[in-house]
Amino acid sequence: MEVPDPASFLQVKQKIKEIANVEEDRQTLFYNQVRLEDEYFVHQFVYDEFAELELTVTPLPGDPKVSIVAKSSNREDEPINVGETQSVAHLRNKISRRWGIFPPSKITLTRLSHAMEDDHLLSDYYVCEGAEVNVVVHVSPR
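Its first residue numbered 1, the sequence shown is counted upward by one per residue in the UniProt record's numbering.
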């Protein structure tokens, strides 16, 4: 992602909100294990044009249910309610039951172009209210 120069880390968080739909106050950014405060400017810490920042997202208190959208190339499901701290496997199994796809291992989930791994939490992939999760169903040849 690109940000204007000079940009503050708050502006970076605002750009992340546009992409991942995660509120700025839930985001914490790090660079080389240094926490980056909102009022700091990118050029004060990051000298590489293609630098990687680490983003952590604080889950909502009490892990309330959030509504997400599961989409495939030919289907968009009604909103699905999940907790951000539930596992990817939990969501995959829920979609499997709802869509009638068995075994669930035929389903691969992706978020923001990254394959989601079963043993990770949904919050690891920035799954929050209104998030879209892409569903790929693998069909076996007959």
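For glycine and all other residues, C-beta sits at the position ideal for the given N, C-alpha and C.
Going by beta carbon distance, what residues of the same chain come within less than 8 Å of residue i, once the five residues before and after it are set aside?
i         : result
lysine 71 : Asp77, Glu132, Val133, Asn134, Val135
Looking only at its own chain, which residues have a Cβ that is under 7 Å from the Cβ of residue i, when we skip the five neighbours before and after it?
i         : result
valine 3  : Gln11, Val12, Lys15, Val42
valine 57 : Val22, Arg26, Gln27, Ser123, Tyr126
valine 88 : Leu109, Met116, Glu117, Asp118, His120, Leu122
For residue i, I'd like the list of residues in its chain whose CB is within less than 6 Å of its CB, leaving aside the five on either flank, ordered along the chain.
i           : result
residue 143 : This structure cannot settle anything about residue 143, because the visible part of the chain is limited to 1 through 142.
Could you have a look at residue i and say whether DSSP puts it in helix, strand or coil?
i                : result
histidine 120    : coil
isoleucine 101   : coil
leucine 10       : helix
asparagine 93    : helix
phenylalanine 50 : coil
valine 139       : coil
glutamate 18     : helix
In the DSSP output, what is residue i paired with across the bridge?
i             : result
glutamine 27  : Val57
glutamate 132 : Val69
TODO: Evaluate the contact criterion for the stretch 46 to 54 versus the stretch 99 to 113: three or more CB pairs, one atom per stretch, below 8 Å.
DONE: no
Open item on the list: If contact is defined by three or more beta carbon pairs under 8 Å, each pair taking one atom from either stretch, is the stretch 95 to 103 in contact with the stretch 53 to 69?
Closed with: no
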